[in-house]
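Number of protein chains: 4
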Amino acid sequence: MIKAGIIGATGYAGGELVRLLLRHPEVNLIWLGSRSYNGERYADVYRNMTTLSDSVCRDDNMKELAEEADVIFTATPQGFCAGTVSEDILNKAKIIDLSADFRLKDVAVYEKWYKLQHASPAFIKEAVYGLCELKRKEIPGARIVANPGCYTTCSILTLWPLVREGLIDPDTIIIDAKSGTSGAGRGEKLANLFCEVNENVKAYGVTTHRHTPEIEEQLSYAAGRSICLNFTPHLIPMNRGILVTAYADLSDAGIQGEEIVRAYRAHYDKEPFIRFLGEGVCPETKWVEGSNYTDIGFCLDKRTGRVIAMGALDNLVKGAAGQAVQNMNLLFGLPENTGLEMVPVFP
Amino acid sequence: MIKAGIIGATGYAGGELVRLLLRHPEVNLIWLGSRSYNGERYADVYRNMTTLSDSVCRDDNMKELAEEADVIFTATPQGFCAGTVSEDILNKAKIIDLSADFRLKDVAVYEKWYKLQHASPAFIKEAVYGLCELKRKEIPGARIVANPGCYTTCSILTLWPLVREGLIDPDTIIIDAKSGTSGAGRGEKLANLFCEVNENVKAYGVTTHRHTPEIEEQLSYAAGRSICLNFTPHLIPMNRGILVTAYADLSDAGIQGEEIVRAYRAHYDKEPFIRFLGEGVCPETKWVEGSNYTDIGFCLDKRTGRVIAMGALDNLVKGAAGQAVQNMNLLFGLPENTGLEMVPVFP
Amino acid sequence: MIKAGIIGATGYAGGELVRLLLRHPEVNLIWLGSRSYNGERYADVYRNMTTLSDSVCRDDNMKELAEEADVIFTATPQGFCAGTVSEDILNKAKIIDLSADFRLKDVAVYEKWYKLQHASPAFIKEAVYGLCELKRKEIPGARIVANPGCYTTCSILTLWPLVREGLIDPDTIIIDAKSGTSGAGRGEKLANLFCEVNENVKAYGVTTHRHTPEIEEQLSYAAGRSICLNFTPHLIPMNRGILVTAYADLSDAGIQGEEIVRAYRAHYDKEPFIRFLGEGVCPETKWVEGSNYTDIGFCLDKRTGRVIAMGALDNLVKGAAGQAVQNMNLLFGLPENTGLEMVPVFP
Amino acid sequence: MIKAGIIGATGYAGGELVRLLLRHPEVNLIWLGSRSYNGERYADVYRNMTTLSDSVCRDDNMKELAEEADVIFTATPQGFCAGTVSEDILNKAKIIDLSADFRLKDVAVYEKWYKLQHASPAFIKEAVYGLCELKRKEIPGARIVANPGCYTTCSILTLWPLVREGLIDPDTIIIDAKSGTSGAGRGEKLANLFCEVNENVKAYGVTTHRHTPEIEEQLSYAAGRSICLNFTPHLIPMNRGILVTAYADLSDAGIQGEEIVRAYRAHYDKEPFIRFLGEGVCPETKWVEGSNYTDIGFCLDKRTGRVIAMGALDNLVKGAAGQAVQNMNLLFGLPENTGLEMVPVFP
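Quick mapping for you: the protein sequence lines, in order, are chains A, B, C and D. Count along the first sequence from 1, then add 58; that gives the number in our numbering. Count along the second sequence from 1, then add 58; that gives the number in our numbering. Count along the third sequence from 1, then add 58; that gives the number in our numbering. Count along the fourth sequence from 1, then add 58; that gives the number in our numbering.
Okay, structure coming up:
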């Protein structure tokens, strides 16, 4: 059994980790860390866990946790993991960091977009970007896995085959994303109140959202050159789900739908958690709710010479906790889908 | 492996049965019956099932199905099961009927409330009312299990110990229930349109809702005499969940909270799917969403001499498909929680 | 023109007052008080007011405001108005208090339910309870109008004719109420976050909600004797709207629906803001959204000898700001519906 | 008083017309036409109209209606108005058509996108496109006003100044739109059921939505040449509201935010129903709910050389009924904002 601990267990992503790890056949959940609720019963913080967890929240002492755990999930604000990690900790436990601290390889880019000084840039190089579909071979040997962002996972998976196969002009990429409100976290903020979100839709973080450089970096690897793109997130009055609608010019006006289908199939047909729906199918977030799937479809517009590629996932599962578990499975040599075969809940 | 078939697999309850049975370790799902979608791929009707089911919908021929299946779930409109069941079918397969056809022992009551003539009253007597917590011993030997209604399950479980232990005056019971909209089914009706339900709350079926006599019958068994009560359902702008708020006069003004706690604990402490939350705790539907749990709490009002007992469940799981699977487990001698250990999804 | 000021203009009720008073033909809105946003442009706090208000928020100095205003609306937390009001202020301006400070005639009851010491009990006696339909004659001469609570208005109006005409046994009254989330205010609380409220329903304040004694006091006047009842509020995932479902035993088993219809008609047929829908009609909150109406209907249950009376209103309009404006109209001799003829918005 | 009739009064746009015209000081609403509810009381179809309307629904006989009315609103499916209008009718009454029949000047484009044969192309030329802000001078003399679509109004108003002033490259325009569900109409369709829409977001009509050529035509006038663009609508789980997020390359990399601000101000500063919010402000649909406003803001992305322009309106008001009333005001020489000064409802 893998001994697992969570720092930040009482945020929404942390709560989802608990939900998944409680039913993971190879995991023993030994530490639910929470600065805000330290000393309280976890099932009193999340009453859905009544009878399922009798744990009491502990603090966020990663050093002590590393003594007890094989793997540590940090579902914490930006800066926490970078400020805490050490050679000593990494020699004792694997870290799967759900924050952005180790996602960007260029520390200057991190510091510019996050407006934080990075506390341990020395570990950036060894950290593996945990988008399992792209880094499946590198993850098993890592000490730190940088679990990707929710918008990022959806955006990259939706566009990767198109960029990789040279089917689109990477300088024309525009990503318009829509997210459920759990992505905004459990903080007590005016903008997250029910009455402010319900019956409302808005863009936010336009031109400045921190997931932008992460998407750009990964798609740059696919393109073999640096990419600059637009990413615009929107807040949707629903709990879970991200939909990405991505636009790009075809690299050649003669490209047909079949070529695009072939590209997606070549990359994704063997993926356990990507469901390519085909040309002309528009994914819906409800089709993946509660599951670890990413659904992808596209439309070709011959009038404008553009492709509209669409992807949907559950931001708390494939966009956070599910992907973290998938990374854990890879780290510990388990079948990648262990504990992750939840059927999407509908309605 | 149990060979299972579903008639009415494309309604919401049928869809939930598919979700649960696909992950049930002892079930082979061999027949997805749907009059409306006969011949279509099930995953085209419910796109959440993409890659999870490659079945094509079949018709609702229960006779033919009985040749192939060990158990048949009928998630069909009132009257279908009663109009189709036969000695021949019952000799070949068990039936778990999610409609109301075999829930009421008195055919006259059925015909009055449902305004239907019962097509096979001869089978009513042998049918076992499938509220597992109450009929655990009778279910294994049954040929027909009458799976309880969603409102009914929640109402009965919430009140049973209080009635059984004589703590409340059964003539004063008032049940005010609130349900998510999936309880209204997948029919294309004006009243179920998003814009009619969203930002709205209303009572419906006041004094006439068909679940009323079912609640009365079961609680009458608890009381040892006939009970007549008020049941008022309300439609809530959410997908899933039922909350029951039940009011009753204490049978004796001196009754204390501890006595009520004791009654609940005595009846439910060993129940795998009932979580008694204690005095002063108000259950929330979100704490049980996606799971087979019923959460129960209560408050005592010394000023008025009444108890307010509250119960919450997911109407598609414990209120329909989950309970049906629980019944199947009992019918086939499996541990009652097999395939039913879903952790509630939050948020 | 009436010069009006609002203390607490940036809460939801305060915001609704601004919406209504901006279009009131006889009002000049001179003061938008807000402790939290003092000095900020009101239209920056509520962007829906862009171009409609160029006011800057002022503080909550009621004394200074009384020098400038003819009427002061206090949409403030419990205790503020009682702690600030003075003979001097009342000699200069009328006060319409949207808090509970002057609603209850018995200061001991106030202090027990609100767990606050009342700072100016001397003014309680002269304050008029501003439920316009009941106190139409007393309001014009008042210096302080105690604007009723949202749950209270709906509960009292729904039950008043039945109690007054002796058609129900007042000792059996049970009120089960459902409210949109704006009733919980604009405070940054975990329980009010979108993800906590959406897809959820729960009871709260069971047996202890502070609107209980207010309902009891007013219905006691109708009954001519002291009444004790149950009031249970529920939080619904919608922005606006209150639905009250009230249960009571008929005072005589022989009472027919027509008698009840007659009672409602006798009391309400001339009321501009009450719409009696008749027997068998269940009001819906959406039918009154954005308007000052209260819709009322009922069902008679001959089986149990009970009546189920239902009322619906918009908690921010008739339940708060609209009723406050109605009171202002009465205070200043204007036609009662001035500025209040909003047609309900659907959908 | 203007005698007004509505054909299609029981759809959502028709219902909103009734809401607005009932409070319009210069209108007498004489005919509520509804094929589906002919002979039923309007207030029984829309219970929010109880006591506000005692009309009985009439049929859709436009010829007869033209004898009685000064103006006819056709809130009907595509093809109805074109199939019914005649010289005779137009000589008797003005027509404001909320369908698309007379919006496109090129009948071939209409027939291609709507897959309908146009029944009266002879009237297309004289019809005036009723986007009041652009056609204010032509509308007063028109016999037929083609009231614009909801997506269209929002898209055109958001982009017009940028195209007109040559600030963006019109070949790079991508419009990603999000709409509340009332835009899908009141039809009893599976896709519009609460449980299908709630907790879900999806794109639809990708590359084929019928509002595309309407946007292209109008923006082509602004550009002085033919434009081809992408328009992608999305369905959002809310009742009302459209948000447009539009992307385009700057026509010159050196263009600064102030130039864009100047362009918007020059075009819109005197508009009664457009509120330009400035650079860096993201409009929200809730800020305009229930009102006739369109709110517009933008962000400039120097990294990518693109502008992201955003617009929000209420699809049933400025996107349908409100704009139709605005057109009526222009047709009959009334101040343009008569009956349209609703303050946005929040929350």
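Virtual Cβ for every residue (Gly too), placed ideally from N, Cα, C.
Closer than 8 Å is the cut-off here; do at least three beta carbon pairs connect the stretch 158-166 of chain A with the stretch 197-206 of chain A?
Result yes; three or more Cβ-Cβ pairs closer than 8 Å.
Report the start-end ranges of each beta strand (DSSP E) in the stretch 172-227 of chain C that is 3 residues or longer and not cut off at the edges.
Taking only runs of at least 3 residues, the beta strand (DSSP E) segments lying wholly in the stretch 172-227 of chain C are 202-204.
Helix, strand or coil, according to DSSP, for B/His-269 in the structure here?
Taking the first residue of the second sequence as position 1, residue 269 of chain B is located at position 211. DSSP places B/His-269 in the helix class (H, G or I) of the three-state scheme.
Helix, strand or coil at C/Leu-388 [DSSP, three-state]:
Here residue 388 of chain C refers to the residue found at position 330 when the third sequence is read from its first residue. Helix.
So if I threshold CB-CB distances at 9 Å, which residues from the stretch 365-387 of chain C count as touching chain A?
Along the stretch 365-387 of chain C, there is no position whose C-beta sits under 9 Å from a C-beta of chain A.
Nearest to A/Pro-135 by CA position, among A/Gly-241, A/Lys-195, A/Pro-219, A/Thr-109, is which residue?
Here the question's residue 135 of chain A lines up with position 77 in the first sequence. Between A/Pro-135 and the set A/Gly-241, A/Lys-195, A/Pro-219, A/Thr-109, the nearest pair of CA atoms involves A/Gly-241.
Would A/Gly-348 pass as an interface residue toward chain B - the criterion being a Cβ-Cβ separation below 8 Å?
Position 290 of the first sequence holds residue 348 of chain A. The beta carbon of A/Gly-348 falls within 8 Å of a beta carbon belonging to chain B, placing the residue at that interface.
Own chain residues within Cβ distance below 7 Å of D/Asp-227, not counting five before or after:
Indexing the fourth sequence from 1 puts residue 227 of chain D at position 169. Taken in chain order, the residues that qualify are Ala-306, Asp-307, Ser-309.
Establish whether the CB of B/Glu-234 and some CB of chain C are separated by less than 8 Å.
Sequence index remark: in the second sequence, residue 234 of chain B carries index 176 (1-based). The sequence shown places Asp at residue 234 of chain B, not Glu. It does: the Cβ of B/Asp-234 has a partner Cβ on chain C nearer than 8 Å.
Using a C-beta to C-beta distance shorter than 8 Å, which residues of chain A count as neighbours of D/Glu-342?
Here residue 342 of chain D corresponds to residue number 284 of the fourth sequence, with the count starting at 1. Result: Asn-258, Val-259, Lys-260.
Assign D/Leu-79 to buried or exposed, taking buried as 16 or more other Cβ atoms, counted over all protein chains shown, within 10 Å of its Cβ.
Here residue 79 of chain D corresponds to residue number 21 of the fourth sequence, with the count starting at 1. Classification of D/Leu-79: buried, given that the 10 Å Cβ count is 16 or more.
Three-state secondary structure (DSSP) at A/Thr-303?
Locating residue 303 of chain A in the first sequence gives position 245, where the first residue counts as 1. If DSSP states are grouped into helix, strand and coil, A/Thr-303 belongs with the strands.
Relative to the C-alpha of B/Gly-91, which residue among B/Met-107, B/Ser-113, B/Thr-265 is closest?
Indexing the second sequence from 1 puts residue 91 of chain B at position 33. Nearest to B/Gly-91 by C-alpha distance, out of B/Met-107, B/Ser-113, B/Thr-265, is B/Ser-113.
Within 10 Å of its beta-carbon, does B/Gln-314 have 16 or more other beta-carbons around it, so buried, or fewer, so exposed?
Here residue 314 of chain B refers to the residue found at position 256 of the second sequence. In summary, B/Gln-314 is exposed, with fewer than 16 beta-carbon neighbours lying within 10 Å of its beta-carbon over all protein chains present.
Whole-angstrom C-beta distance between A/Thr-343 and A/Gly-299, which should lie under 8 Å:
For the purposes of this step, residue 299 of chain A is taken as the residue at position 241 of the first sequence. For the purposes of this step, residue 343 of chain A is taken as the residue at position 285 of the first sequence. Indeed, because the Cβ distance is near 3 Å, the residues count as touching under 8 Å.
Decide if B/Met-59 is buried, meaning its Cβ has at least 16 other Cβ atoms within 10 Å, or exposed.
In the second sequence, the residue the question calls residue 59 of chain B occupies position 1. Burial check for B/Met-59: the Cβ neighbour count within 10 Å stays below 16, so the residue is exposed.
For A/Thr-211, count the other beta carbons within 10 Å of its own beta carbon; 16 or more makes it buried, fewer makes it exposed. Which is it?
Numbered from 1 along the first sequence, position 153 holds the residue referred to as residue 211 of chain A. Classification for A/Thr-211: buried.
Figure out for me which residue from D/Trp-345, D/Gly-338, D/Ile-354 has the closest Cα to the Cα of D/Asp-327.
As a working note, residue 327 of chain D is residue 269 in the fourth sequence. Per the Cα distances, D/Ile-354.
If we count Cβ pairs, one from each stretch, closer than 8 Å, do we get three or more for the stretch 276-284 of chain C versus the stretch 212-224 of chain C?
A contact between stretches requires three or more CB pairs, one per stretch, nearer than 8 Å, and the stretch 276-284 of chain C meets this requirement with the stretch 212-224 of chain C.
At what residue ranges does the stretch 107-175 of chain A contain a whole run of the alpha helix (DSSP H), taking only runs of 4 or more?
If you keep only unbroken alpha helix (DSSP H) runs of at least 4 residues inside the stretch 107-175 of chain A, you get 120-126, 138-142, 145-150, 165-172.
Here's the rule: buried if 16 or more other CB atoms are within 10 angstroms of the residue's CB, otherwise exposed. What is A/Asp-102?
For the purposes of this step, residue 102 of chain A is identified with residue 44 of the first sequence, where counting begins at 1. The Cβ neighbour count for A/Asp-102, taken over all protein chains shown within 10 Å, is under 16; the residue is labelled exposed.
Are the CB atoms of D/Thr-132 and D/Tyr-95 nearer to each other than 8 Å?
Numbered from 1 along the fourth sequence, position 74 holds the residue referred to as residue 132 of chain D. Numbered from 1 along the fourth sequence, position 37 holds the residue referred to as residue 95 of chain D. D/Thr-132 places its beta carbon 8 Å or farther from that of D/Tyr-95.
For C/Pro-402 versus C/Gly-369, is the C-beta distance shorter than 8 Å?
Position 344 of the third sequence holds residue 402 of chain C. Position 311 of the third sequence holds residue 369 of chain C. Going by C-beta atoms, C/Pro-402 is not nearer than 8 Å to C/Gly-369.
Sorted by chain position, which residues of the same chain lie with C-beta nearer than 6 Å to B/Gly-66's C-beta, five sequence neighbours on each side aside?
Here residue 66 of chain B is taken as the residue at index 8 of the second sequence, counted from 1. Answer for B/Gly-66: Gly-72, Ala-133, Thr-134, listed in chain order.
Suppose contacts are defined by Cβ-Cβ distances below 8 Å. Is C/Met-120 in contact with C/Ile-147 by that definition?
Your numbering for residue 120 of chain C matches position 62 in the third sequence. Your numbering for residue 147 of chain C matches position 89 in the third sequence. A distance below 8 Å separates the beta carbons of C/Met-120 and C/Ile-147.
8 Å Cβ cutoff, A/Val-264 in contact with chain C
Numbered from its first residue, the first sequence carries residue 264 of chain A at position 206. Between A/Val-264 and chain C, the shortest Cβ-Cβ separation is not below 8 Å.
Measuring only between beta-carbons, confirm whether D/Pro-295 sits less than 8 Å from chain A.
Taking the first residue of the fourth sequence as position 1, residue 295 of chain D is located at position 237. It does: the Cβ of D/Pro-295 has a partner Cβ on chain A nearer than 8 Å.
Counterpart residues of A/Ile-318 in DSSP-defined beta bridges
As a first step, residue 318 of chain A is located in the first sequence; it is residue number 260 there, counting from the start. According to DSSP, A/Ile-318 bridges with nothing at all.
DSSP three-state label for B/Asp-353, please.
One-based indexing of the second sequence puts residue 353 of chain B at position 295. Three-state result, B/Asp-353: strand.
Completely contained alpha helix (DSSP H) runs for the stretch 228-269 of chain A, where each covers 4 or more residues:
Listed in chain order, they are 252-255.
Assuming the contact rule is C-beta atoms closer than 8 Å, A/Pro-405 and D/Glu-254 should be a hit. Round their C-beta distance to whole Å, please.
As a working mapping, residue 405 of chain A is identified with position 347 in the first sequence. As a working mapping, residue 254 of chain D is identified with position 196 in the fourth sequence. With a contact defined as Cβ atoms closer than 8 Å, A/Pro-405 and D/Glu-254 qualify at about 7 Å.
List the residues of chain C that A/Glu-246 touches, going by C-beta distances under 8 Å, in chain order.
Translated into positions along the first sequence, residue 246 of chain A becomes position 188. Going along chain C in sequence order, the residues near A/Glu-246 (Cβ under 8 Å) are Glu-246, Lys-247, Leu-248, Leu-251.
CA-CA distance, B/Tyr-209 and B/His-269?
Taking the second sequence and counting its residues from 1, one reaches residue 209 of chain B at position 151. Taking the second sequence and counting its residues from 1, one reaches residue 269 of chain B at position 211. Spanning the two alpha carbons is a distance of roughly 7 Å.
Listed from N- to C-terminal order along the chain, which residues in the stretch 68-80 of chain B have their beta-carbon within a distance smaller than 7 Å of any beta-carbon of chain A?
Along the stretch 68-80 of chain B, going in chain order, the ones with a CB nearer than 7 Å to a CB of chain A are Tyr-70, Gly-73, Arg-77, Leu-80.
Look up D/Asn-86 in the DSSP assignment and give the residues it is bridged to.
The residue labelled residue 86 of chain D in the question sits at position 28 within the fourth sequence. Beta-bridge pairing links D/Asn-86 to D/Lys-61.
Per DSSP, the bridge partner or partners of B/Val-365
Against the second sequence, residue 365 of chain B aligns to sequence position 307. Here B/Val-365 is bridged, per DSSP, to B/Ala-306, B/Leu-358.
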